[in-house]
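Structure first, then comments.
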Amino acid sequence: MSVLAPCKSCVFVISIMSEQKCLLLNWNVRGLNNKARRKVVKDLVQDKRCTIAALQETKLAMITADDISETLGIRFSKHFAYLPAQGTRGGALVAVDEDFYSITHLEFREHTVSVFITSTQSLATWWLTVVYGPQGDREKIEFLHELRDIKAVAGDNWLVIGDFNLILQAEDKSNDNLNRRLMTEFRNTLNFLELKELPLKGRKYTWSNDTTQTRIDRAFCTVEWDLMLPASMLEALSSLVSDHSPLFLVGASAVSNYRGFRFETFWPQLPGYQEVVQ
Numbered sequence: 001m002s003v004l005a006p007c008k009s010c011v012f013v014i015s016i017m018s019e020q021k022c023l024l025l026n027w028n029v030r031g032l033n034n035k036a037r038r039k040v041v042k043d044l045v046q047d048k049r050c051t052i053a054a055l056q057e058t059k060l061a062m063i064t065a066d067d068i069s070e071t072l073g074i075r076f077s078k079h080f081a082y083l084p085a086q087g088t089r090g091g092a093l094v095a096v097d098e099d100f101y102s103i104t105h106l107e108f109r110e111h112t113v114s115v116f117i118t119s120t121q122s123l124a125t126w127w128l129t130v131v132y133g134p135q136g137d138r139e140k141i142e143f144l145h146e147l148r149d150i151k152a153v154a155g156d157n158w159l160v161i162g163d164f165n166l167i168l169q170a171e172d173k174s175n176d177n178l179n180r181r182l183m184t185e186f187r188n189t190l191n192f193l194e195l196k197e198l199p200l201k202g203r204k205y206t207w208s209n210d211t212t213q214t215r216i217d218r219a220f221c222t223v224e225w226d227l228m229l230p231a232s233m234l235e236a237l238s239s240l241v242s243d244h245s246p247l248f249l250v251g252a253s254a255v256s257n258y259r260g261f262r263f264e265t266f267w268p269q270l271p272g273y274q275e276v277v278q
């Protein structure tokens with residue numbers, strides 16, 4: 001029996017594809033009320049070919065479809081949701097590329113915006129919660145209670161991502177100025193929610209100032225979401241316009257999509273063809 005095999009001058013490839021379910025950019029952008037900042041975000045979205053964008057600290061009380069087009073691209077301007085900023089502080093945004101996803105349900109809380117996403121490619125559905133955690137200690141506890149409330153809405157397939165303004169363990173901060181009570185509350189909340197953290201590649205910390213570095217930008221998911229996209233990878237990117245690192249999540253199922261053998265009529269004309277099939 002003859003078998004096709006690679007040679008120096010003639011290579012035949014049957015590809016096993018890694019099915020991309022989501023290309024998600026998460027970033028505390030420190031304000032979208034600046035055209036130069038919007039251009040940086042849009043360039044990154046286009047460079048990474050993102051299909052979902054989650055942004056924190058927009059500093060915008062109102063966001064229009066035109067704002068979305070300018071910041072992310074026109075394909076994101078149909079399906080989006082946002083938390084308005086209070087004055088020029090806070091605000092969060094989530095938007096999806098209409099060629100890949102649609103948003104059909106919304107849930108708003110004080111520090112979170114949750115959307116029900118349906119893939120137009122595979123009809124997979126899941127909840128995405130984008131968070132922008134508060135600064136004050138008392139407000140942080142209220143924020144964790146807010147996350148617990150969302151669990152009943154989100155169900156099984158659930159991804160939670162954003163700037164939590166909380167750390168899980170001492171290793172998440174570059175100094176010993178720690179609030180261990182809040183760390184414990186954060187861990188207890190994640191256990192209650194039955195969420196697992198997506199490992200971060202690229203760097204140890206995601207936020208820095210002149211004296212301190214912390215890992216406060218994170219992503220968590222349910223076991224069901226992880227089983228849906230078991231080959232997912234979370235990477236921290238570099239930034240010159242924000243003190244937060246952008247997070248880039250590639251959600252992939254790593255499923256073999258073999259579609260059968262197809263003979264191409266031009267193959268016999270390629271150098272080395274006869275040697276391969278003999």
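When you line the sequence shown up against the UniProt record's numbering, it's residues 1 to 278, in that order. We put the CB at the ideal spot given by N, CA and C, even for glycine.
Got a sec, what are the start and stop residues for the beta strand (DSSP E) R49 sits in?
-> Here residue 49 corresponds to residue number 49 of the sequence shown, with the count starting at 1. That residue, R49, is in no beta strand (DSSP E); it is neither H nor E in DSSP.
Determine the closest residue to R215 out of I167, F186, R181 and R37, with distance taken between C-alpha atoms.
-> Against the sequence shown, residue 215 aligns to sequence position 215. Comparing Cα positions, the closest option is I167.
Could you spell out the range, first to last residue, of the alpha helix (DSSP H) harbouring V223?
-> In the sequence shown, counting from the first residue as 1, residue 223 sits at position 223. Counting along the chain, the alpha helix (DSSP H) containing V223 begins and ends at V223 to M228.
What separation, rounded to the nearest whole angstrom, lies between the Cα atoms of V250 and S208?
-> Your numbering for residue 250 matches position 250 in the sequence shown. Your numbering for residue 208 matches position 208 in the sequence shown. Straight-line Cα distance between these residues: approximately 24 Å.
With 16 as the cutoff for other CB atoms within 10 Å, does F192 come out buried or exposed?
-> The residue labelled residue 192 in the question sits at position 192 within the sequence shown. Exposed, since its Cβ has fewer than 16 Cβ neighbours within 10 Å.
E197 by DSSP, collapsed to three states: which one?
-> Along the sequence shown, read from residue 1 onward, the residue named residue 197 stands at position 197. Correct three-state label for E197: strand.
Count the CB pairs spanning the region 65-77 and the region 107-119 that are closer than 8 Å, and state whether there are at least three.
-> no
Excluding sequence positions up to five away, which residues of its chain have a Cβ less than 6 Å from the Cβ of T88?
-> As a position in the sequence shown, residue 88 is number 88, starting the count at 1. The residues are K59.
Taking the CB atoms as reference points, tell me whether A95 and L72 lie closer together than 7 Å.
-> Here residue 95 is taken as the residue at index 95 of the sequence shown, counted from 1. Here residue 72 is taken as the residue at index 72 of the sequence shown, counted from 1. In contact: A95 and L72 (Cβ atoms closer than 7 Å).
For the beta strand (DSSP E) containing E142, list its first residue and its last residue.
-> Along the sequence shown, one-based indexing puts residue 142 at 142. Taken as a continuous stretch (DSSP letters only), E142 belongs to no beta strand (DSSP E), being part of the alpha helix (DSSP H) at D137 to A154.
Backbone CA spacing between L83 and K173 [nearest angstrom] | Indexing the sequence shown from 1 puts residue 83 at position 83. Indexing the sequence shown from 1 puts residue 173 at position 173. Their Cα atoms are separated by approximately 28 Å.
Which of helix, strand or coil DSSP assigns to M62 = One-based indexing of the sequence shown puts residue 62 at position 62. Here M62 sits in coil by DSSP.
In whole angstroms, what is the alpha-carbon distance linking L200 and T64?
-> Against the sequence shown, residue 200 aligns to sequence position 200. Against the sequence shown, residue 64 aligns to sequence position 64. Answer to the nearest angstrom: the Cα atoms are 32 Å apart.
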